[in-house]
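K.L.:
Under this note's numbering, the first residue of the sequence shown carries the number 86, and numbering increases by one thereafter.
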Amino acid sequence: MKQRSSSTWHGLPAHAFDGDEVGTVDQSESRAGSDLRPIRRKHGLEARATLALATLLLFASPAFGQLKPVGPDYERPPVTVPEKFKNVTWREANPSSHLPKGEWWKVFRDPSLNRLLERATRNNQQLKAAIARFDQARTTARFTKGDLLPRLGLPLSAEQQRTSENMPSPFPLDGLKYDGPAYNALVDFGWEIDLWGKTRRTVESDEANAIAAADAVHNVLLGIQAELASTYFQIRALDSEIAIVREAVGWRGEALKIARARVLAGAANDLEQAQSETEVATAEAEISVLQAQRDRLENALALLVGENASSFSLGASPSGVAGPPKIPTGFPSDLLERRPDIAAAEQQLAAATARIGVAEAQFFPSVSLLGNGGFQSGDFDLLFDPASIMWTYGPKVRLPFFSGGKDRFNLSRAHATHDEALATYRQSFLTAVADVENSLSSLRHLAKESEALGRARASATRAAQLARTQYEAGAAPYLDVITANRTGLNTQLAYERVAGQRLIATVSLVKALGGGWDQTKSFPIPEAAADPVAKSNPEKTETPFLKRLFKKPAEKSAP
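(1) Can you tell me where the beta strand (DSSP E) holding Pro266 begins and where it ends?
(2) Quick one: Cα of Pro611 to Cα of Gly400, how far?
(3) Would the region 355 to 362 and the region 151 to 170 be scored as touching if the rule is three or more Cβ pairs under 8 Å?
(4) Could you give the DSSP three-state label for Trp281: helix, strand or coil?
(5) Quick one: grab the DSSP three-state call for Gln447.
(6) Asp646: buried (16+ other C-beta within 10 angstroms of its C-beta) or exposed?
(7) Would you call the CB atoms of Glu383 and Ile320 closer than 8 Å?
(8) Please tell me whether Ala298 has its Cβ less than 8 Å away from any Cβ of chain D.
(9) Three or more C-beta pairs under 8 Å: does that hold for the region 298 to 305 against the region 564 to 580?
(10) For Glu371, name the three-state secondary structure that DSSP assigns.
(11) Touch check for the region 444 to 464 and the region 261 to 277: three-plus C-beta pairs under 8 Å?
(12) Based on the DSSP secondary-structure assignment, which residues constitute the bridge partners of Val302?
(13) Between Asn294 and the rest of its own chain, which residues show a CB-CB distance below 6 Å, the 5 nearest in sequence each way excluded?
(14) Between Pro163 and Leu507, is the Cβ-Cβ spacing less than 8 Å?
(15) What's the C-alpha gap between Gly408 and Gly585?
(16) Counting along the chain, where does the beta strand (DSSP E) carrying Glu244 start and finish?
(17) With a threshold of 6 Å on Cβ separation, who are the neighbours of Ala430 within its own chain once the five nearest residues in sequence on each side are excluded?
(18) So is Val595 buried or exposed if we call it buried at 16+ other beta carbons inside 10 Å?
(19) Could you spell out the range, first to last residue, of the alpha helix (DSSP H) harbouring Thr477?
(20) Would a C-beta distance cut-off of 8 Å place Val443 and Thr591 closer than the cut-off?
(21) Scan the region 339 to 373 and note each continuous beta strand (DSSP E) run of 3 residues or more that stays entirely inside, going in chain order.
(22) In or out: His530 buried (at least 16 other Cβ within 10 Å) or exposed?
(23) Can you name the residues that DSSP bridges to Phe460?
(24) Please report the residue range of the alpha helix (DSSP H) in which Arg424 lies.
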């Protein structure tokens with residue numbers, strides 16, 4: 086047998102504990118040694134009993150896993166659903182089939198809008214933040230699932246230690262102590278058996294939160310898409326208004342030339358010329374006002390597509406604003422299946438319901454299987470010697486006895502959190518119905534306003550022509566021409582604004598209806614462009630430990 090190193094038990098040489106010599110230390114301790122034999126037999130019985138209990142718990146744990154977890158199971162709470170929307174007189178039998186899932190904006194048939202929304206999906210920073218929050222929630226759910234499995238570790242240690250001369254011992258130490266190195270190469274095992282479903286309820290809650298985070302991603306995406314479409318249609322309405330005012334500047338300029346010629350010919354006075362100059366300058370000022378509004382909206386559009394406002398531009402559209410497409414509304418109850426914010430609120434309610442079970446499980450005992458074993462030695466050369474083997478194992482039972490009321494208050498907090506989530510869920514549905522009603526009301530009244538403005542525009546155009554004819558015939562003053570032209574211009578601008586507002590109201594309706602969202606169908610997380618410096622780069626965070634440990638360093642390229 087190998088000799089031990091210079092580390093010693095103070096008071097005796099180290100070799101006194103080699104082999105059978107432990108029994109020849111002192112004859113006066115033979116009685117103590119004889120007293121240890123029944124204790125050892127007793128400990129052997131306890132070890133076998135512990136092993137039997139641990140084995141029973143180990144093989145019975147699948148049956149325990151089938152026990153119903155404590156706490157309430159989630160069920161969708163009933164909500165008061167109206168039979169129909171009050172601002173429509175028709176209903177569709179299957180509204181979700183009329184809207185394209187995801188790409189709802191294609192109903193407007195605008196290629197420029199389609200390209201902008203694709204860029205926003207890839208580059209919008211708010212969307213990237215929402216996706217990162219989803220990744221956090223999904224990782225948390227996966228992390229929690231690990232608590233259902235045993236924990237296995239390899240604690241390795243090398244330390245210098247000194248034992249107490251007065252430590253508890255089955256035989257007198259008489260000043261013996263150990264002062265030297267200690268080496269451990271062990272296997273550590275731990276497993277809390279989920280008897281009452283605490284871990285399962287936690288997994289259920291975290292999975293619901295992950296689904297809610299996915300729904301929140303779609304809600305953010307829908308908000309970005311709706312805001313971008315609304316901003317885009319505002320810009321297009323301004324393009325039409327600017328084009329109308331530029332046209333007005335042109336024919337007002339022609340009227341100014343005629344007025345100047347008439348003044349030179351003595352057929353008109355300076356008042357007529359001054360009035361014409363005023364109309365031209367007013368129209369030019371209106372262009373500057375409209376262009377400033379367009380610049381602000383263009384910068385907002387750059388922010389939505391995730392690009393620098395200094396380098397972003399959107400060319401003016403030569404065509405006018407198109408009429409809004411018809412969007413089927415269906416039944417109010419369809420919002421429960423199509424609105425991502427309602428879906429997120431419901432998943433948060435499900436998570437809060439599961440947390441009640443987690444809190445209730447704190448009142449029940451917990452059972453864990455613990456153990457560790459391996460090699461332990463004061464001499465590294467003898468660390469893996471069979472005599473260096475050590476182990477401990479057995480169940481651990483925790484009985485909740487006194488917590489100062491923490492468990493009771495924690496359960497009360499879980500109930501209150503559930504009630505808050507329930508109220509939020511109901512409020513989200515009420516808000517959705519109100520959003521749809523507001524959008525339908527806007528569309529209905531804007532349609533009537535557009536029809537009336539169309540008639541007014543035609544009458545104003547005819548009035549302007551009559552005023553000009555009468556002025557040229559000398560039957561009316563030039564002021565009548567100015568008034569008629571100004572009225573016609575304002576009517577045309579109002580008509581174009583309402584046309585843009587109708588498109589924006591249609592976008593609001595699509596958003597209120599959930600953007601073609603259908604909770605019963607799969608709707609993947611959008612693919613956003615990766616940020617080169619993002620820490621979630623898979624090459625940096627998802628490479629296994631051993632692969633990273635033995636990975637060859639990348640060769641540096643020559644400068």
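All residues carry an ideal CB built from backbone N, CA and C; glycine is no exception.
P.N.:
This is what the structure gives:
(1) To locate residue 266, count along the sequence shown from 1; it is residue 181. 263 to 278 is the extent of the beta strand (DSSP E) around Pro266.
(2) Reading the sequence shown from its first residue, position 526 is the one you call residue 611. Reading the sequence shown from its first residue, position 315 is the one you call residue 400. Put simply, the backbone Cα of Pro611 is about 28 Å away from that of Gly400.
(3) The region 151 to 170 and the region 355 to 362 do not touch, with fewer than three beta-carbon pairs separated by less than 8 Å.
(4) Along the sequence shown, read from residue 1 onward, the residue named residue 281 stands at position 196. Three-state result, Trp281: coil.
(5) Reading the sequence shown from its first residue, position 362 is the one you call residue 447. Secondary structure at Gln447: coil, using DSSP grouped into helix, strand and coil.
(6) With the chain represented from 86 up to 644, any question about residue 646 goes unanswered, as that position is not in the structure.
(7) Here residue 383 refers to the residue found at position 298 when the sequence shown is read from its first residue. Here residue 320 refers to the residue found at position 235 when the sequence shown is read from its first residue. Going by C-beta atoms, Glu383 is nearer than 8 Å to Ile320.
(8) No chain D appears in this structure, which consists of one protein chain only.
(9) With the cut-off at 8 Å, the region 298 to 305 and the region 564 to 580 do not touch.
(10) Counted from its first residue, the sequence shown places residue 371 at position 286. Helix.
(11) Verdict: yes, contact present.
(12) Reading the sequence shown from its first residue, position 217 is the one you call residue 302. Its beta-bridge partners do not exist; DSSP assigns none.
(13) Counting from one through the sequence shown, the residue named residue 294 turns up at place 209. The residues are Ala222, Ala436.
(14) In the sequence shown, the residue the question calls residue 163 occupies position 78. In the sequence shown, the residue the question calls residue 507 occupies position 422. No; because the gap between Cβ atoms is not below 8 Å, this pair is not in contact.
(15) For the purposes of this step, residue 408 is taken as the residue at position 323 of the sequence shown. For the purposes of this step, residue 585 is taken as the residue at position 500 of the sequence shown. Spanning the two alpha carbons is a distance of roughly 9 Å.
(16) Residue numbering aside, residue 244 sits at position 159 when the sequence shown is read from its first letter. 241 to 247 is the span of the beta strand (DSSP E), which, as asked, contains Glu244.
(17) Residue mapping note: residue 430 aligns to position 345 of the sequence shown, counting from 1. In the same chain as Ala430, and ignoring 5 residues on each side of it, the C-beta atoms closer than 6 Å to its own belong to Thr509, Tyr510, Ser513, in chain order.
(18) Counted from its first residue, the sequence shown places residue 595 at position 510. Classification of Val595: buried, given that the 10 Å Cβ count is 16 or more.
(19) Indexing the sequence shown from 1 puts residue 477 at position 392. Run containing Thr477: none in the alpha helix (DSSP H); it sits in the beta strand (DSSP E), 474 to 483.
(20) Indexing the sequence shown from 1 puts residue 443 at position 358. Indexing the sequence shown from 1 puts residue 591 at position 506. At least 8 Å separates the beta-carbon of Val443 from that of Thr591.
(21) Fully enclosed beta strand (DSSP E) runs of 3 or longer: not present.
(22) In the sequence shown, the residue the question calls residue 530 occupies position 445. Answer is exposed; the Cβ neighbour count stays below 16.
(23) Numbered from its first residue, the sequence shown carries residue 460 at position 375. DSSP output for Phe460 lists Ala270, Ile474 as bridge partner(s).
(24) In the sequence shown, the residue the question calls residue 424 occupies position 339. Where Arg424 is concerned, there is no enclosing alpha helix (DSSP H), given that its DSSP letter is neither H nor E.
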